[in-house]
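Colleague:
There are 2 protein chains.
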Amino acid sequence: MVRAPVGLLPMDADAVRGHLDGMLLAVLEDEPLHGYGIIEALHRRSGGALDLPTGTVYPALRRLERGRWIDGSWSTVGGRKRRTYTLTRAGQRELARRRSEWIRFSGVVGSVLGGTA
Amino acid sequence: MVRAPVGLLPMDADAVRGHLDGMLLAVLEDEPLHGYGIIEALHRRSGGALDLPTGTVYPALRRLERGRWIDGSWSTVGGRKRRTYTLTRAGQRELARRRSEWIRFSGVVGSVLGGTA
DNA sequence: AGCCATATGTAGCCACGCTACCTATACGAT
DNA sequence: ATCGTATAGGTAGCGTGGCTACATATGGCT
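Which chain is which? The protein sequence lines are A and B, in order. Reminder that position 15 of the first sequence reads as 14 in numbering that gives the first Met the number 0, one-by-one numbering, no gaps. Reminder that position 40 of the second sequence reads as 39 in numbering that gives the first Met the number 0, one-by-one numbering, no gaps.
#1: Roughly how many whole angstroms lie between the Cα atoms of residue 27(B) and residue 74(A)?
#2: Per DSSP, what kind of secondary structure is residue 18(B) in: helix, strand or coil?
#3: Taking Cβ positions, are residue 38(A) and residue 51(A) nearer each other than 7 Å?
#4: Are any of the Cβ atoms in chain B nearer than 7 Å to that of residue 105(A)?
#5: Is it right to say residue 8(B) is buried, meaning 16 or more other beta carbons lie within 10 angstroms of its own, or is it exposed?
#6: Starting from residue 94(A), trace the beta strand (DSSP E) both ways and give me its first and last residue.
#7: Taking Cβ positions, are residue 21(A) and residue 16(B) nearer each other than 7 Å?
#8: Return the bridge partner residues of residue 74(B) from the DSSP annotation.
#9: Below 7 Å CB to CB, which residues in the same chain sit around residue 113(A) once its five sequence neighbours on both sides are set aside?
#10: Within the continuous alpha helix (DSSP H) that includes residue 36(B), where are the two ends?
#11: Pull out every residue of the region 40-55 of chain B whose Cβ sits closer than 8 Å to any Cβ of chain A, in chain order.
#12: Just confirm the distance between the C-beta atoms of residue 108(A) and residue 68(B), as a whole number of angstroms; I'd bet it's less than 8 Å.
#13: So which residues on chain A does residue 22(B) lean against when the C-beta distance must stay under 8 Å?
#14: Please tell me whether residue 87(A) and residue 72(A) are closer than 7 Å, where the distance is taken between their beta carbons.
#15: Pull up the distance between the alpha-carbon of residue 104(A) and that of residue 14(B), whole angstroms please.
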């Protein structure tokens with residue numbers, strides 16, 4: 000993956016906490032992707048703000064797979080092994096839940112934080 | 000503190016992570032408050048969504064005090080001891096920083112999460 | 001006397017994103 | 001041929017912070 004010459008600060012780790020799973024489900028909504036592709040998709044869709052290490056993403060994907068929200072399968076592309084993940088029905092429902100929770104959460108923080116509420 | 004008859008789900012703990020400090024600073028912007036009053040203010044300003052336990056708020060306040068973002072002082076009101084916190088200059092700057100970070104963060108999550116972007 | 005609201009605090013748990021590694025293949029440049 | 005980089009997957013262990021569960025104390029109401 001070719002990174003932008005940076006200039007963007009990475010998101011704070013604690014801030015991301017609890018919001019990663021929803022974002023992972025979201026990038027899988029349009030099309031199945033493998034881990035590395037997911038990291039790229041997050042980077043692209045965040046305008047370069049998210050540049051998540053594999054140590055964050057791969058364990059998270061295994062977690063989501065254990066929870067039956069995504070479904071992984073191995074394949075070989077160009078001599079390299081890939082694990083491609085697909086959103087399950089339960090994952091779609093979970094994504095919808097996460098989206099509405101995000102609306103609620105961001106509303107709460109916005110109103111408490113004020114200043115730009 | 001008299002709680003509403005509930006009906007509101009509490010915010011997820013992981014979601015709050017990393018966003019609490021900013022909210023604490025924000026409620027201290029208008030007026031100095033003691034811990035218990037801060038919990039009430041957060042409850043009020045969040046429309047009842049935030050009902051934070053003392054085990055969350057008191058350690059966070061000590062942390063902010065150690066960081067010189069707030070300044071605490073003891074007093075006695077109606078026979079009860081209070082520790083009242085005031086936002087410092089550094090705290091005001093930190094609050095501004097937190098606010099702009101929140102704008103950025105919520106923009107990023109919104110654009111990645113999509114659906115209602 | 002008992003209970004609640006007010007008020008502050010700590011010990012220890014747990015989840016999860018992170019750093020720092022490791023392995024492996026394909027391919028272009030030197 | 002060798003090196004570096006992009007692609008691709010993975011784990012062990014750390015740190016942190018919000019949480020549960022508790023402890024302490026006063027004032028006031030019944």
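For every residue, glycine included, the Cβ atom is placed at its ideal position computed from N, Cα and C.
Modeller: On the basis of the supplied data:
#1: 55 Å
#2: coil
#3: yes
#4: yes
#5: exposed
#6: Here residue 94(A) belongs to no beta strand (DSSP E); instead the alpha helix (DSSP H) covers 88-112.
#7: no
#8: 81(B)
#9: none
#10: 34-44
#11: 41, 44, 45, 46, 48, 49
#12: That belief does not hold up - the Cβ atoms of residue 108(A) and residue 68(B) are roughly 18 Å apart, past 8 Å.
#13: 108, 111, 112
#14: no
#15: 8 Å
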